[in-house]
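For reference, the structure discussed in these notes is given below.
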Amino acid sequence: TVSPAMPTSGDASGALPHPHVVLLPSAGMGHLVPFSRLAVSLSSPGHGCGVSVATVLPTVSSAESAHLDALFGACPAVRRLDFHLAPFDASEFPGADPFFLRFEAMRRSAPLLGPLLAGAGALALVTDIALASVVIPVARDLRLPCYVLFTASAAMLSLCVHFPAYLDANAGGPVGDVGIPGVYRVPKASIPQALHHPEHLFTQQFVANGRELAKADGLLVNSFDAFEPEAIAALRNGSVAAGFPPVFSVGPLAPVSFSASEPPENQADYMRWLEAQPARSVVYVSFGSRKAISKDQLRELAVGLEASGHRFLWVVKSTVVDRDDEAELSELLGEGFLERVQGRGRALVTKAWVEQGEVLKHPAIGMFVSHCGWNSLTEAFASGVPVLAWPRFADQRVNAGIVARRGAGVWVERWSWEGDDGVVKGEEIAEKVKSVMADEMLRRSSTVVREAAMTAVAGGGTSYRSLAELVARCCD
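Letter by letter, the sequence shown follows residues 581 to 1056 of my numbering.
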């Protein structure tokens, strides 16, 4: 892991390059990954920005620590800036999600950013949405342009912007369907679970951030105009909120491969296994880095994958924080399962971190059973892999709706998410996997999405122009 004592990256004098942008991610791989992708894009020869990434150590998860190690090791143009947090007593929020606690610790330490940013010689700051309401005022005091990277979809950004006004008009009543002006109606069942509880720590952070966003110098979103036309247009033309700052659609941000130069013998086990599989024959299954699935549902998913008859690569997660994950796969998935599926060479099941962007680009992958975290979906869109959407919490039902609406996959809306009663049975999972794998029309529409994504990020495309405009504002 990265040592907290490691000095801040920079040249021998400690000076940082100019022009220079500081990126401030929050906690969790879902936030760190798009920031690292943005850092690499901005610092590339095509854009030429000096970039530092502010880091807080120790990280919440081992995956974050390993990712930071790889980023700074492989990309010397991206510098490290240590952000030391003020003491924080987590006992104030008993039972809270450890990632939300880190958000709160960083938010309370925002006043410490002033000297850090001034000492770094920053010309602009890009902060995480989770920190927006406390960081924007700090940047304003420093007269430093402040942009916000929204790490989810443009539809979710429109909900974040509109939700405070919805609450004000709702006068303390229960949260129901939320009609977003110029976009569409988000049904009550798709509103993130926490937002139904005004006292929830995440809700307090979400609403505070939503109220402050109009004061940012601009919003970056990891999406592209052709994929979310309603939400992006409504944010830009003032339908969602009058006088809203510029919105830069810069997605899909390209995955950063830290192992592309590795010789074949050093490839990860899962990549070597994929190399031996026929084209479009493998079902890739991953529910992301943030939430665990119940043991009962894991067992049914195991039954379903085996009964589908298809090859599969399954990344299993049984705890919220990976450092706490000590359970054996055989214990989680049932006696004899691993021996049956892996013994035939038709499956690989792992609890290790995988480079998902590389997996999804592999020609052996035929479909993706996904929780619909936004990073996962943008990787699927860019790879043309059809998605079987199974959202679990937070923004994921909103994202699953986008998948279905744009023909990038299918969503079984009745399948449970966190807090729902019931377990989806293996037989139903097997039938749906077989159906998606056999759906040639869905495969074709996923290819259309991939081509639109490639056009957006290519020279002259909408996302390429958005990023170039951002660079012109921040770095020229």
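C-beta atoms are modelled at their ideal positions from N, C-alpha and C, and glycine is treated no differently.
Check, Outcome
"Please report the straight-line C-alpha distance between L705 and L724, rounded to a whole angstrom.", "7 Å"
"In terms of residues, what are the limits of the beta strand (DSSP E) holding F892?", "891-895"
"Roughly how many whole angstroms lie between the Cα atoms of F892 and I945?", "9 Å"
"Any idea if A840 is buried or exposed, counting beta-carbon neighbours within 10 angstroms, 16 or more meaning buried?", "At A840, the pLDDT of 49 sits below 50, so the modelled position is not reliable; the number obtained from the coordinates is stated separately. Counting Cβ neighbours within 10 Å, A840 comes out exposed, since fewer than 16 surround it."
"Sort D669, G694, L651, G630 by Cα distance to E935 and report the nearest one.", "L651"
"For G626, count neighbouring Cβ atoms within 10 angstroms of its own Cβ and tell me buried if that reaches 16, exposed if not.", "exposed"
"If we count Cβ pairs, one from each stretch, closer than 8 Å, do we get three or more for the stretch 914-924 versus the stretch 872-892?", "yes"
"State buried or exposed for T1027, treating a residue as buried only when at least 16 other CB atoms are found within 10 Å of its CB.", "exposed"
"Along the beta strand (DSSP E) that carries Y864, what are the first and last residues, could you check?", "862-866"
"Would you be able to state if there are at least three C-beta pairs under 8 Å between the stretch 707-719 and the stretch 683-697?", "yes"
"Give the secondary structure of L665 by DSSP, where H, G and I count as helix, E and B as strand, and everything else as coil.", "coil"
"Hey, how far is the Cα of K897 from the Cα of I873?", "7 Å"
"Apply the 10 Å Cβ neighbour rule to D1001 and answer buried if 16 or more other Cβ atoms are within range, or exposed otherwise.", "exposed"
"Classify E808: buried if its beta carbon has 16 or more other beta carbons within 10 angstroms, exposed otherwise.", "buried"
"Starting from the N-terminal side, write out each stretch of the alpha helix (DSSP H) that is 4 residues or longer and does not extend beyond the stretch 898-957.", "909-913, 917-923, 936-941"
"Under a three-way DSSP split, which group does C655 fall into?", "coil"
"Could you give the distance in angstroms between the alpha-carbon of C655 and the alpha-carbon of S616?", "10 Å"
"Out of curiosity, what's the CA-to-CA distance linking H777 and G999?", "13 Å"
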